[in-house]
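In this note's numbering, the protein residues as written are 13 to 278.
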Amino acid sequence: MKILAILCCGLSLVSGLAAESNADQVKTEQAVDYTFVPTAVNIDINTRSYTFETKPRLAEVLAPIALEQDWYWPGSKLYRLDNPDGQVSAPEQLRSTVLQQLHAFSMSAEPAVQIELMALRYQVASWTLATRVLIPINYDLARAQAAFNPRFDAGAYKLQLVERPEQVHFWGAVTQRVTIPHGGATAIADYMAAIERSAAADGSTVYVIQPDGTVTKAGVASWNRQHIEAMPGAEVFIPFATEWFGVDIDSLNQNLLALALYRVAQ
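Shown next as structure tokens:
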């Protein structure tokens, strides 16, 4: 009987250890973090939303809407809306820097220029920003050449398609943002007479942000005039002059120029 009792206790102990071992194994398995990697691509194209369960190529994304209108492909813009890293986005970090710079320079500026800097600060603060994906967007090219038909990574995007615009926009060191009708074969310098520039503006140089994201520096004074044209819908940034603020203003000019590429047109 004693031997039987000992055997029973031994079996109970083994069973208990086995149960604890299984429980520990379950706990260990439950503790493993299996990170889910999304594969869907969500794209807002103008006023419509599309979801692709697998990663599409550009031609597939454009197909549902490409032939509905005569789109101005150079003016198409693609933005990444989500932030895979989960950190503060690069556009917002840059905006924060620009707002601080505009405030700092306004504190040492003359009253009229101070008003202009603060007005520009208000504009920048109101911009909708997103990461610009700088790729050529053209349905015919995407169908014809693999190099112009990239595959999308998983995530959320905004694609803006527009008809051919008829204006050129001027901003930066100006008394107010100005929109002027686009002129065919017109050099940037020829628009400048219609622009009321700030007293603190650089009088010899501007930067042309073409709709496709290309940025070109253009001379507009009599001594450095260049025949550089703006495409329909281009943005022309007029920088602030170093004569007013010193070389430190160059950092603000370049940051404003970079931030403009992140701006989502409304």
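Backbone N, C-alpha and C fix where the C-beta goes; we use that ideal spot for every residue, glycine too.
Whole-Å CB distance - residue i paired with residue j, under 8 Å assumed
i	j	result
Met-204	Val-232	5 Å
Thr-140	Gln-278	6 Å
Pro-251	Tyr-219	7 Å
With 16 other Cβ atoms within 10 Å as the buried cut-off, status of residue i
i	result
Val-136	buried
Asp-165	exposed
Leu-74	buried
Ser-138	exposed
Leu-79	exposed
Asn-150	buried
Pro-103	buried
Ser-61	exposed
Pro-96	exposed
Pro-123	exposed
Leu-90	buried
Ala-213	buried
Ser-210	buried
Which residues DSSP lists as bridging residue i, in chain order
i	result
Ser-61	Asp-56
Ile-192	Val-180
Ile-217	According to the sequence provided, residue 217 is Thr. The question's Ile does not apply to it. BP columns for Thr-217 point to Gly-231.
Leu-141	Arg-275
Arg-209	Val-186
Tyr-151	According to DSSP, Tyr-151 bridges with nothing at all.
Same chain, Cβ closer than 8 Å to residue i, five either side skipped, listed in chain order
i	result
Ala-206	Val-190, Ile-192
Gln-113	Ser-263, Leu-264, Asn-267
Leu-106	Asn-267, Ala-270, Leu-271, Tyr-274
Cut-off 7 Å between Cβ atoms - residues of its own chain near residue i, not counting five sequence neighbours on either side
i	result
Leu-268	Val-110, Gly-184, Phe-249
Ala-199	His-239, Ile-240, Glu-241
Leu-93	Ala-142, Ala-168, Tyr-169, Lys-170
Val-180	Ile-192, His-194, Tyr-203, Ala-242, Ala-246, Val-248
Where residue i falls: helix, strand or coil (DSSP)
i	result
Val-110	helix
Leu-264	helix
Ala-199	strand
Ile-127	helix
Val-136	helix
Glu-80	coil
Glu-72	helix
Ala-172	Checking the displayed sequence, the identity of residue 172 turns out to be Gln instead of Ala. In this structure, Gln-172 counts as strand in the three-state DSSP scheme.
Thr-226	coil
Glu-255	helix
Phe-164	coil
Glu-41	Bear in mind that a pLDDT of 30 at Glu-41, under 50, signals an unreliable position, so the number given afterwards is only what the model happens to contain. Three-state result, Glu-41: helix.
Beta-carbon contacts of residue i that lie in its chain and below 6 Å, excluding the five residues immediately before and after
i	result
Asp-108	Going by the sequence as given, residue 108 is Ser instead of Asp. So the list is empty, once near-sequence residues are dropped.
Arg-163	Lys-67, Arg-69
Pro-148	Phe-160
Ala-154	Leu-70, Ala-71, Phe-160, Asn-161
Phe-64	Val-53
Gly-87	Val-174, Pro-223, Gly-245
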